[in-house]
Amino acid sequence: MNPARIELTLSASGRHLAFSKELLDVAHVFRRVGGEGKPWVRLAVYARSPYFDTDAFAPGTQLEYYVQHDTQQGEEEARSHIVSTSTGLL
Numbered sequence: 001m002n003p004a005r006i007e008l009t010l011s012a013s014g015r016h017l018a019f020s021k022e023l024l025d026v027a028h029v030f031r032r033v034g035g036e037g038k039p040w041v042r043l044a045v046y047a048r049s050p051y052f053d054t055d056a057f058a059p060g061t062q063l064e065y066y067v068q069h070d071t072q073q074g075e076e077e078a079r080s081h082i083v084s085t086s087t088g089l090l
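Position 20 of the sequence shown, counting from 1, maps to 20 under UniProt numbering, and the rest follow consecutively.
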């Protein structure tokens, strides 16, 4: 499975996720709050790039994201590396 590309950029109003997506790929965005051992939550199904996460968190909260690409048949095709940040950092 080849890794998909993902980039995380911070702004005053949230986190901007840009990722590669082929025309027929189905992309899902996942987020984990609080680091390793915490559950991953799917934020978006059939996501488009860029995806903007504007959810508010307490300063210093660790956030991690990845994008999963599926085939049209629903099989996982690729997954990005994990990108992370802490809220309140710009």
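Cβ atoms here follow ideal geometry from the backbone N, Cα and C, with glycine treated the same way. Keep in mind it's a predicted model, so treat the numbers as computed, not measured.
For V83, same chain residues with a beta-carbon under 8 Å away, outside a window of 5 residues either side, are I6, E7, L8, L17, E64, Y65 and Y66 in chain order. About 20 Å separates the CB atoms of F30 and Q72; that is not less than 8 Å, and the two are not in contact. Taken through DSSP and simplified to helix, strand or coil, G14 comes out as strand. By the criterion of a C-beta distance shorter than 7 Å, E76 is surrounded in its chain by Q68 and D70, once the five residues flanking it on both sides are discounted.
If you draw a straight line from the Cα of P39 to the Cα of R32, it is about 6 Å long.
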